[in-house]
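Chains as they are written, first to last, in our numbering: chain Z, 622 to 969; chain X, 622 to 969; chain E, 622 to 969; chain C, 622 to 969.
As structure tokens, then:
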């Protein structure tokens, strides 16, 4: 940690700060500069919890922390990419994983139709919401356990592993029972009770970035899960809020290389929620792969005009198949095949 | 709802949209304009849930919704200010309510010292966290039930009603048992399970705005609570995230008159979290009252340098007393006494 | 335009609004709804300038404009992509155009070295700042006309057309004299005097998005240039400000498909300024092409550690060559060759 | 400056960094820590311009600058508040200065009516735009020199000093000739040519914060003006862009105490542009004074429904008089009279 003194701090104030640092058991290194003195601290084994004792001393301008507040997710202590397996699907390896399915499970027929279509087009995992967090209490909230049962049934038919969202600790056990991977949604990214419970469940977790979360916040949220002993976490960029309302959210693809630098965890992209409009899903899916994402999660609906949720951003199966072709071409261009695809699939 | 057609939409496309509107049981009102046609819809009794059926028709540029998505919290159907009582404290009336106390309950002595000091200075409610949502899993997470017990004990001694945060549905029953008012924090503003459970509890709720929530999102979150039958909700502005990192959060005091226009619920301000620095708490507390807030919630600690949480933004009791004097003067200037104060208190 | 009345507006208020609309020479179409009345306006030939006369009438809740405020840049009245020629380089066609060069012209040797290196790697235009807008008055402000002369000299040697920034109307004539394309930077995107002067110059303009400008603001800024008779405008996404400081700016690649929908103008991407770090330039350059950008502008420096400006985000020539290979592969994957490249260049 | 090394940086890398620091003529202070080494630099007399040489060395994680990049505007080297005189009006003293007038000068009658009304209500300076920067090229752009002449004429009649905006360097000389104070608007806050020209003019400058500018950016923009020898700068907070569209801009009143801490320059608030709606102007004007602002600039129009610009946010003269009464009461509560007012004016 570095203590920055005010420009006009006098010797007595500097000495008092050094004395306080010594009293806390650390070593102070005063460095006089042209306009002010800075004081380095060494000797601490972790974050300095008593920072406020220093920060409020007279003459102290600011404290600057040098150590990142997360550890288990950091690439600094775990250089190699983590590989997270969900059944026979692996995130974080060379392959690009495509998860697809409806926003919400509406019926057996709807889910099965979509699942078979996305499988045919090359998806290797199925998504579908049984519990939906909705901004308005009057919007459709999902089928609940019936939705989970339908997911399991369609998995049995198609062989696609399933990911579905747990929206609270009450329903988490049920979701854990049915799902191959637990999704924690953007609104719950800082729901610590849920993060901890997911961390104890040992089921792989798909953790979506909150729409006002910094990359650091996202890594700290993942740290909660790993800290409970579950290191099977896949991160997901899905768009942040900005001043521009041209799109529903601003997809922050710059977060992909940033996360890759800072962490060993895999990171995928949700191009559907950010776009908010199906016509923009394809370019953003291609861009995600080009930016280095390990996969994506995409909404597909057989008849989006009648979808109970997010119809505007869902692709019809034909459009999804076009997307898969394009994604496979970009993936090939960056030297990463789409999981489950055969080289001969990649053609114009 | 208004359907905006593309500039180049042809008659056939316009007719098809009108036909779809009719099939949904509503009436279409095409309005040709210089560059494009707009189509008004009437005959709906609430939000048009089938919007996606229209939005995806060829030639449709955009849909514009006219009706606000919240109802119970809206001033349009409830013109008078709501008065929310917490024991003998009333939010939303003429009086400005000041809630004060430590960020976190640390010990009996700490809590009692602060409670007696803030009471002496004029606060009429006590705050203190027993469960703390922390961005880092390694930060102090609160005393739990022991903290609740200490709050109840200090309430018995001082007579101050208490507000404390419930961070998940598991601990909500316990919080409800001890607290006079349940706080739902910024990170949980869209934790719908928690909002619904709080809605069923009948205990007054202090709902803090998420740091990436629009005013509309906040009102929709409150709608969740009211929709379960609990109309005792007080809103709290506590700062939003913006591109500027000069302060910890950007306190959005413009939200106060905006909420007052849109809703009948009381709204208070938390100047401590936004400022992130005790020196800026006083000006923001004064400004909150001047902007029309119904009260405030402020962090006070007897020895902030040793606080286990948020020491940098906590006021010492003497400073809090100064704040109360200033707040009372501004409150008098806007014709609203501070709750519990006597006119003779307001002097230079 | 649509007038939304308050829920409790009475018949008299509605009639008064309709009378005002009629007095302005337009036709009012009242549409009663379940909670409120909306009133459509037709008969206007452009934006309704007298909107405030309606907006302030009693009972009016809000006005909603249906027509986009820009016209010349809009795709609605100009369906085909515009092709903008700068010497023998064309923006907006099938080819991806890569502009490269140093942030700032520092010396003849530096500029020539970079120009020859980027040409060898496949760039077809040269960038380099002679006038630099700097946030701090103490930062290096550019070589001025000497820089322009060096650019012209290096153009003569290499054959690469040049783009350089005009930072004010005083220096614009000089920039116009030397440059093949005038860059208007992010900080000047709403410098209307400069936009108009560039509009009168007939020289192609590279207009960068302001870091707090919405897509609509960018299109309106371009409208200023076109409105003066210069339709040779290329737009450039270069990152916006958001709450996250992980990168220098948040590159908004979602703006690419959005601009393509709304406008016929070409749009390129600046991956260097947003990344703020050379390691992240490559993934963002690839992603830009995958998202549908018509080209990019990239900073290259022979010895970035000694660059007078933005060294941290500049690529060394070898790294730039790697970038070109990767960009060419992604470009091929989306069916768009890099301008000037030969098919045989695209290999692993 | 502090150099933060990567956790895995080895001794050789650390030594190489220290050698580079020494070669630059500074002293390196390595401080080994539990997870990484940090290296302090001393011996520099100002910002280290060669930072990129260090930043790109192997093993360097980040550089942290300790010294603020502005100097002349900083309170660290100029402890007392600056007092800026515009004729007999003084900004930065005890008095709250209220500037009022129409958004745009439309006619002699309009301007004179407003000027007399605002003077009667207690304003001591007159505002009015002759040149208007407008987002759309089709919006009214101001009367130009005719507007300046009318301002001068109305000043002669009323005695109110005038502030009006200069939008480019071409018109600055004319504005300087007529106006008592030059306004530089939000869109031009980083128009450095204009800032420098205003700095050379010696006329007091009202510098508005850009809507995407941090407080630091604003101070650096002011530094441009002071660096040219003109220290008569008054800053103005007028709202920033955020994700919330409830108001036109998010008025950042927390910037007031922040600027007061960092700088000796006076700071006022524009509550009209941020609110975007006249009903919210009053609460924000009161809050600005309570937050510590040195004054405000407010839009007033005799018939806002017919204003050529920003009618929706303009106050009618009666409403402005009410505002002045309220502002005077809040000002009295914080111990600061409104300039030009007599104590006897402050009554309910």
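Backbone N, C-alpha and C fix where the C-beta goes; we use that ideal spot for every residue, glycine too.
Any idea which residues DSSP pairs residue 690/X with across the strands? Bridge partners of residue 690/X: none, in fact.
Roughly how many whole angstroms lie between the Cα atoms of residue 690/E and residue 760/C? The straight-line gap from Cα to Cα measures roughly 10 Å.
Quick one: does residue 756/E have its CB under 8 Å from some CB of chain C? So, interface residue.
Excluding the 5 residues preceding and the 5 following residue 764/X in the sequence, name in chain order all residues of the same chain whose CB lies nearer than 8 Å to its CB. 725, 726, 727, 751 and 771.
Does residue 653/Z have its Cβ less than 8 Å from a Cβ in chain C? Proximity of residue 653/Z to chain C, defined by a Cβ-Cβ separation below 8 Å, is satisfied.
Which runs of the beta strand (DSSP E), 3 residues or longer, sit entirely within the stretch 872-957 of chain C? 888-890 and 916-920, all fully within the stretch 872-957 of chain C.
Specify, as a first and last residue, the run of the alpha helix (DSSP H) that residue 830/C falls within. According to the DSSP assignment, residue 830/C belongs to no alpha helix (DSSP H), since it is labelled neither H nor E.
Expected contact under 8 Å - CB spacing of residue 756/C and residue 684/E to nearest Å: Not really, about 17 Å apart at Cβ, beyond 8 Å.
With residue 674/Z as the anchor, note down where its alpha helix (DSSP H) starts and where it stops. Counting along the chain, the alpha helix (DSSP H) containing residue 674/Z begins and ends at 672-676.
Check whether the Cβ atoms of residue 934/E and residue 894/E lie closer than 8 Å to each other. Cβ atoms of residue 934/E and residue 894/E: closer than 8 Å.
Just to confirm the assignment, what range does the alpha helix (DSSP H) spanning residue 639/X have? Counting along the chain, the alpha helix (DSSP H) containing residue 639/X begins and ends at 632-644.
Any beta carbon from chain X within less than 8 Å of residue 951/C's own beta carbon? Residue 951/C belongs to the set of residues whose beta carbon lies under 8 Å from a beta carbon in chain X.
Simplified DSSP assignment, three categories, for residue 712/X: Residue 712/X carries a strand assignment under DSSP once its states are collapsed to helix, strand and coil.
Should residue 698/C and residue 835/X be called a contact, given that it needs their Cβ atoms to be closer than 8 Å? No; because the gap between Cβ atoms is not below 8 Å, this pair is not in contact.
So with CB distances below 9 Å, who are the chain X contacts of residue 665/E? Contact note: residue 665/E reaches chain X through 654 and 655, using a C-beta cutoff of 9 Å and chain order.
Looking at the secondary structure, which residues open and close the alpha helix (DSSP H) in which residue 737/E lies? It spans 729-742 - the alpha helix (DSSP H) in which residue 737/E sits, taken as one unbroken run.
Applying a beta-carbon distance threshold of less than 9 Å, which residues of chain X neighbour residue 822/E? Those within 9 Å of residue 822/E in chain X number zero; the least Cβ separation is about 30 Å.
Within its chain, find whatever has a CB closer than 7 Å to the CB of residue 733/E; leave out the 5 residues flanking it on each side and keep chain order. Contacts found: 775 and 778.
8 Å Cβ cutoff, residue 877/X in contact with chain C: Interface residue, yes.
Could you list which residues in chain Z have their beta carbon closer than 9 Å to that of residue 677/C, in chain order? What residue 677/C touches in chain Z: nothing, since even the nearest Cβ is about 15 Å away.
Determine whether the Cβ of residue 661/C lies closer than 8 Å to any Cβ atom of chain X. Residue 661/C does not count as touching chain X.
Taking only the alpha-carbon atoms, compute the straight-line gap between residue 918/E and residue 821/X and give it to the nearest angstrom. Cα to Cα, the separation comes out at about 57 Å.
Positions along the stretch 767-791 of chain C whose CB lies within less than 8 Å of some CB in chain E: Under the 8 Å Cβ criterion, the stretch 767-791 of chain C contributes 788, 789, 790 and 791.
Nearest to residue 873/Z by CA position, among 846/E, 633/E, 901/E and 851/E, is which residue? For residue 873/Z, the nearest C-alpha among the options comes from 901/E.
Measuring only the C-alpha atoms, how far is residue 891/X from residue 859/X? C-alpha separation (whole angstroms): 5 Å.
Proximity winner among 790/Z, 736/Z, 813/Z and 758/Z, relative to residue 783/Z (alpha-carbon distances): Ranking the options by Cα distance to residue 783/Z, first place goes to 736/Z.
Let me confirm a value: residue 670/C is counted as buried when at least 16 other C-beta atoms fall within 10 Å, else exposed. Which label applies? With fewer than 16 other Cβ atoms from the protein chains shown falling within 10 Å of its own Cβ, residue 670/C counts as exposed.
contact_flag[the stretch 699-706 of chain C, the stretch 941-956 of chain E] where n(CB pairs < 8 Å) is 3 or more: Cβ pair count under 8 Å is below three, so no.
Anything in the stretch 681-701 of chain X with a Cβ closer than 9 Å to a Cβ of chain E? List those residues in chain order, please. Of all residues in the stretch 681-701 of chain X, those with a C-beta nearer than 9 Å to a C-beta of chain E are 682, 683, 685, 687, 688, 689, 692, 695, 697, 698 and 700, reading in chain order.
Counting only Cβ pairs nearer than 7 Å, list the residues of chain C close to residue 845/E. Under the 7 Å cutoff, chain C gives 758.
Would you mind giving the Cβ-Cβ distance between residue 844/C and residue 687/C, rounded to the nearest angstrom? I have them listed as a contact below 8 Å. With 8 Å as the limit, residue 844/C and residue 687/C do not qualify as a contact, their Cβ atoms being about 18 Å apart.
Which same chain residues end up closer than 7 Å to residue 807/Z when comparing Cβ atoms and leaving out the 5 residues on each side of it in sequence? Cβ within range, chain order: 829, 830, 831, 832 and 859.
Close beta carbons around residue 868/C, own chain, < 8 Å, minus the five adjacent residues each side: The beta carbon of residue 868/C is closer than 8 Å to those of 860, 895, 896, 897, 898 and 901 in its chain, skipping five residues each way along the sequence.
If you follow the beta strand (DSSP E) that residue 662/E is in, where does it begin and where does it stop? 658-663 is the extent of the beta strand (DSSP E) around residue 662/E.
Three-state secondary structure assigned by DSSP to residue 719/E: Under the three-state reduction of DSSP, residue 719/E is assigned to strand.
Identify which residue in 661/X, 817/X and 627/X has its Cα closest to the Cα of residue 850/X. Comparing Cα positions, the closest option is 817/X.
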